[in-house]
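Numbering (this note's numbering), first residue to last: 210 to 283.
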């Protein structure tokens, strides 16, 4: 993993769109392969996307740190 790959994280919006349609730049895809944080974020978006596509009736509960981040930003 190169130090440069950690400096340019894809935006959460880009990761969400990737979870929806699989369209991410080659550079961003390489970064996600090397960055555990971005892989984790992408995995969460994929989980939500898959649940929505499956028509899940049970809500997908985000991890506690999501609510902590929201609370901190209010």
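Glycine included, C-beta positions come from ideal geometry on N, C-alpha and C.
Review point. In three-state terms, what does DSSP make of residue 244?
Key: coil
- So, is residue 241 buried or exposed, given that buried needs 16 or more other C-beta atoms within 10 angstroms? buried
message: Beta-carbon within less than 6 angstroms of residue 225's beta-carbon, same chain only, minus the 5 sequence neighbours each way: which residues are those?
response: 254
TODO: Inspect the beta-carbon positions of residue 236 and residue 217 and report whether they are closer than 9 angstroms.
DONE: yes
Worksheet item: DSSP three-state call for residue 226: helix, strand or coil?
Response: helix
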